[in-house]
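*Asks:* Read top to bottom, the protein sequences are chains D and C. Taking UniProt numbering, I'd label the letters of the first sequence as residues 1 to 378. Taking UniProt numbering, I'd label the letters of the second sequence as residues 1 to 378. Ideal placement from N, C-alpha and C gives every residue a C-beta, glycine not left out. Small disclaimer: the values here were computed from a predicted structure and weren't measured. Structure below; questions to follow.
Number of protein chains: 2
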Amino acid sequence: MDTETKGLGTTQTEHLDLARLELESGEVIAPVTLAYETYGKLNPDKSNAVVICHALTGDAHIAGVNAKTGMTGWWDSMVGPGKAFDTDHYFVICSNVIGGCQGSTGPLSPNPATREPYGLDFPIITIGDMVAAQAKLVEHLGIERLLSVAGGSMGGMQALSWAVKFPKHVNSIIAIATTAKHSPQQIAFNEVGRQAILSDPHFNDGKYYGGKLPERGLATARMVGHITYMSDESMAEKFGRRFREATSGQKFAADFEVAGYLQYKGDNFVKRFDANSYLYITRAVDLFDLAGDQELPAALTPSRRAPFLVLAFKSDWLYPSYQSRELVRGCKLAGVDVTYCEINSTYGHDAFLLEVAEETHLIRHFLRKVSSGITAKV
Amino acid sequence: MDTETKGLGTTQTEHLDLARLELESGEVIAPVTLAYETYGKLNPDKSNAVVICHALTGDAHIAGVNAKTGMTGWWDSMVGPGKAFDTDHYFVICSNVIGGCQGSTGPLSPNPATREPYGLDFPIITIGDMVAAQAKLVEHLGIERLLSVAGGSMGGMQALSWAVKFPKHVNSIIAIATTAKHSPQQIAFNEVGRQAILSDPHFNDGKYYGGKLPERGLATARMVGHITYMSDESMAEKFGRRFREATSGQKFAADFEVAGYLQYKGDNFVKRFDANSYLYITRAVDLFDLAGDQELPAALTPSRRAPFLVLAFKSDWLYPSYQSRELVRGCKLAGVDVTYCEINSTYGHDAFLLEVAEETHLIRHFLRKVSSGITAKV
Chain D
1 MDTETKGLGT TQTEHLDLAR LELESGEVIA PVTLAYETYG KLNPDKSNAV
51 VICHALTGDA HIAGVNAKTG MTGWWDSMVG PGKAFDTDHY FVICSNVIGG
101 CQGSTGPLSP NPATREPYGL DFPIITIGDM VAAQAKLVEH LGIERLLSVA
151 GGSMGGMQAL SWAVKFPKHV NSIIAIATTA KHSPQQIAFN EVGRQAILSD
201 PHFNDGKYYG GKLPERGLAT ARMVGHITYM SDESMAEKFG RRFREATSGQ
251 KFAADFEVAG YLQYKGDNFV KRFDANSYLY ITRAVDLFDL AGDQELPAAL
301 TPSRRAPFLV LAFKSDWLYP SYQSRELVRG CKLAGVDVTY CEINSTYGHD
351 AFLLEVAEET HLIRHFLRKV SSGITAKV
Chain C
1 MDTETKGLGT TQTEHLDLAR LELESGEVIA PVTLAYETYG KLNPDKSNAV
51 VICHALTGDA HIAGVNAKTG MTGWWDSMVG PGKAFDTDHY FVICSNVIGG
101 CQGSTGPLSP NPATREPYGL DFPIITIGDM VAAQAKLVEH LGIERLLSVA
151 GGSMGGMQAL SWAVKFPKHV NSIIAIATTA KHSPQQIAFN EVGRQAILSD
201 PHFNDGKYYG GKLPERGLAT ARMVGHITYM SDESMAEKFG RRFREATSGQ
251 KFAADFEVAG YLQYKGDNFV KRFDANSYLY ITRAVDLFDL AGDQELPAAL
301 TPSRRAPFLV LAFKSDWLYP SYQSRELVRG CKLAGVDVTY CEINSTYGHD
351 AFLLEVAEET HLIRHFLRKV SSGITAKV
């Protein structure tokens, strides 16, 4: 009998201050703040903690209603009592990535050397650096070993990075709609977004804080992103070739519904996201190559005791399922106990946020299996 | 025994001046110039003429070496003695579309009312308008009925538009890597390109001639375009995740090979193409809906005596093969004699320019069949 699902109520964003974080490049950020939220209760033997990692433009507020902003979390459908990540059983942790702009240290944070925002003086960060910061948070919470690390898209890359960087600290991995390395096409889409930002007249070499923001460039970047998050089919279902009322008399006003939607998404995005963060985070994603100079199975071998759940979506052409299958092949050759499912969805890459029923079924079962394995060992 | 292929030698761009052209919108452009080239010889009964329509940013110079520019034509591999469009047998005509910027009247042409370039005062044009202009050229050349109209991508839309608008003047249609109507995803990619141009600080409401050009916006538009012309696979084969030497010390310099390639393509494009033309032509493509308020079979019924050759490419995700299959279904229901082939290629949409051997085989055979039918009737 399943627990009836109910909401998490209000949630609080908390902050952890670290003296310093050494990056994979050897550079150091000091000090570092991490914004994070937690849900559910850590059990006495601290064996029920799950880190969920957010995607490109997400934040620490994954579920419930944030007390300060009144906003519902970005994966509220999946995290809460009786949900996929059942907070009656698991202690869920989510933090804003470093390089981000929603409470964790990033390019808009003050540079102690100048007391001005870092801007482009912020060092290049990697997915591994994001994960290293999360590991400090997990340590701060007194957790030795995570039940699972989960995430979709860039969140999935972080989950995979946890497995490779901290194999002794993870019991399982849930990698959704993601890849073990970014492909040239994926890099290319991000590059267009970055070029749009860099060539915005207000970009000013990243020193735009307090002045006019590079809004048009960032909005264009987001529009490109949104196209890649949807499928041809989901766009056709949602918009067809319908026209909307032109909001301006301009000759090339965005009067197809799809164009208006993208423009709306782009214009809204600039209100909540920092253009420099977009540069740094997309760059981290493009640099992502889990195995690096190794072969993938060799890179995964140290974490072979942690079972993997790998999920892909049929219509996701941004992170096509062949990339998940390559990951699964790598897992198998490394001796990882891997479960793979390609979910039949028309939502494109967005499916990882939307295919709640299928994901809930698979993730709930997977977490129960992993939990019971731990209990059995204890 | 096939004729050995040889080049066409030097070619000339010619110009036809028309007093006026009435557009589908009811607006009139007056006067109108059409830049065009012809190859091969029109036979005495004028039954061997083939119109080839160019894609988004193409021009009238399809084959041979242009006497003035020294440039080789954009489909030289397919047009010439012994080639797919064999100029020993066929008289090939190609004109720059109206709205274009390579010799035909478009937004950079002088507006007789102001003696300044039209800019955004140029009227919105459609694929049907492009074809109406071509029909005037064909009439001027004294040709009553074309052996075939052929084209890839936007050229294919023009070929289809010929069938529907001028069914009595076409004996056959060759539609390659194209669609009977633009999808929301296709519109969305163009919309991003247009927004990049419109938000360029030098765009100045289209009145940039003689001043600084909206080069960054146009380059960004072209970068988006290039991603959609290639496949994930062809990008991976061409670039992998290789880095190139950074050409600047800039933090977000395009140092992945794929990024450098796109930037190079974008930067080169702005030297040869007008941003306003890009707005008008992409808009025409987005408005394209062959059947309009009719069902596709009904729209195609008047041209049911003209055989169609429809070609799609497996890795083309910009004009995916399902769109060609919808066209083929429409043809069949209309009673059109349609031949369809999905060519196995990894080149993506660019395949229509690159899969010369397969296309040559299919087109040569198709044109021979159509020609012999005409000869038989005569």
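#1: Can at least three beta-carbon pairs, one atom from the segment 284-301 of chain D and one from the segment 260-269 of chain D, be found at a separation below 8 Å?
#2: Let me see if you follow: with CB-CB separation under 8 Å, is C/A298 close to chain D or not?
#3: Going by DSSP, name the residue or residues bridged to D/I343.
#4: Based on Cα-Cα distance, which residue from C/L309, C/I343 and C/G373 lies nearest to C/G156?
#5: Whose C-alpha, out of C/L362, C/S303 and C/C53, is nearest the C-alpha of C/A334?
#6: Taking three-plus beta-carbon pairs below 8 Å as touching, is the segment 271-288 of chain C in contact with the segment 115-133 of chain C?
#7: Could you pull out every residue in the same chain whose Cβ sits closer than 6 Å to the Cβ of C/G40, ignoring the five residues on either side in sequence?
#8: Name the residue from D/A19, D/S25, D/V192 and D/T339 whose alpha carbon lies nearest to the alpha carbon of D/P123.
#9: Quick check on the DSSP output: the beta strand (DSSP E) that includes residue 380 of chain C runs from which residue to which?
#10: What are the start and end residues of the alpha helix (DSSP H) that includes D/G128?
#11: Beta-carbon within less than 7 Å of C/I197's beta-carbon, same chain only, minus the 5 sequence neighbours each way: which residues are those?
#12: Do you know how far the Cα of C/Y229 is from the Cα of C/D267?
#13: By how many angstroms is the C-alpha of D/R272 removed from the C-alpha of C/R145?
#14: Hey, does C/A163 have any beta-carbon neighbour from chain D nearer than 8 Å?
#15: Tell me the DSSP bridge mates of D/K181?
#16: For C/A133, which residues of its own chain have a beta-carbon under 8 Å away from its beta-carbon, when the five flanking residues on both sides are left out?
#17: Does any residue of chain D have a CB that is nearer than 8 Å to the CB of C/M154?
#18: Check the Cβ-Cβ distances between C/E295 and every residue of chain D, and say whether any is below 8 Å.
#19: With 16 as the cutoff for other CB atoms within 10 Å, does C/E116 come out buried or exposed?
#20: Going along the chain, which residues of the segment 186-203 of chain C sit with their C-beta nearer than 7 Å to a C-beta in chain D?
#21: Could one say the Cβ of D/S47 lies closer than 8 Å to chain C's Cβ atoms, at least one of them?
#22: Whole angstroms is fine: what's the gap from D/G9's alpha carbon to D/F366's?
#23: Determine the chain D residues that contact C/I281 at a beta-carbon separation under 8 Å, and present them in chain order.
#24: Between which two residues does the alpha helix (DSSP H) carrying D/D17 extend?
#25: Between the segment 179-186 of chain C and the segment 224-238 of chain D, do at least 3 Cβ pairs fall closer than 8 Å?
#26: Assuming D/L147 and D/S371 make a contact with CB atoms under 8 Å, what is their CB distance in whole Å?
#27: Which class does C/L8 belong to by DSSP, given the choice of helix, strand or coil?
#28: Measuring alpha carbon to alpha carbon, tell me which of D/G106, D/L354 and D/Y319 ends up nearest D/G225.
#29: Kindly list the residues whose CB is nearer than 7 Å to the CB of D/N190, restricted to its own chain and excluding five residues on each side of it in sequence; keep chain order.
#30: Going straight from the alpha carbon of C/G142 to that of C/Q195, what length do you get?
#31: What are the start and end residues of the beta strand (DSSP E) that includes D/G151?
#32: Taking just the CA atoms, how far does C/L108 sit from D/K212?
#33: Would you kindly report the start and end of the unbroken alpha helix (DSSP H) that includes C/A236?
#34: Output, in chain order, the set of chain D residues within a Cβ distance shorter than 9 Å of C/A254.
#35: Which residue marks the beginning of the alpha helix (DSSP H) containing C/Y352, and which one marks its end?
*Replies:* A quick look at the data gives this:
#1: no
#2: no
#3: DSSP lists D/F313 as the bridge partner or partners of D/I343.
#4: Looking at the Cα atoms, C/L309 is the closest of the given residues.
#5: Nearest option by C-alpha distance: C/S303.
#6: yes
#7: T87, Y90, F91 and V92
#8: When each option's Cα is compared against that of D/P123, the closest is D/S25.
#9: Past the boundaries of the shown model lies residue 380 of chain C; chain C is included only from 1 to 378, so the question cannot be answered.
#10: I127 to H140
#11: F203, P214, G217, L218, A221, A275, Y278 and L279
#12: 17 Å
#13: 59 Å
#14: no
#15: D/D289
#16: Closer than 8 Å at the Cβ level, and outside the excluded window around C/A133, lie L18, L21, V32, L34, S95, V97, I98 and S104.
#17: no
#18: no
#19: Classification of C/E116: exposed, given that the 10 Å Cβ count is below 16.
#20: I187, A188, F189, E191, V192, R194, Q195, A196, L198, S199 and P201
#21: no
#22: 26 Å
#23: Correct list: empty, because the minimum Cβ distance to chain D is about 12 Å.
#24: Taken as a continuous stretch (DSSP letters only), D/D17 belongs to no alpha helix (DSSP H), being part of the beta strand (DSSP E) at E14 to L18.
#25: yes
#26: 6 Å
#27: coil
#28: The alpha carbon of D/G225 has as its nearest neighbour, out of D/G106, D/L354 and D/Y319, the alpha carbon of D/Y319.
#29: T282, V285 and D286
#30: 42 Å
#31: S148 to G152
#32: The straight-line gap from Cα to Cα measures roughly 32 Å.
#33: D232 to F239
#34: E191, R194 and Q195
#35: According to the sequence as given, residue 352 of chain C is Phe; it is not Tyr. C/F352 -> alpha helix (DSSP H) spans A351 to L354.
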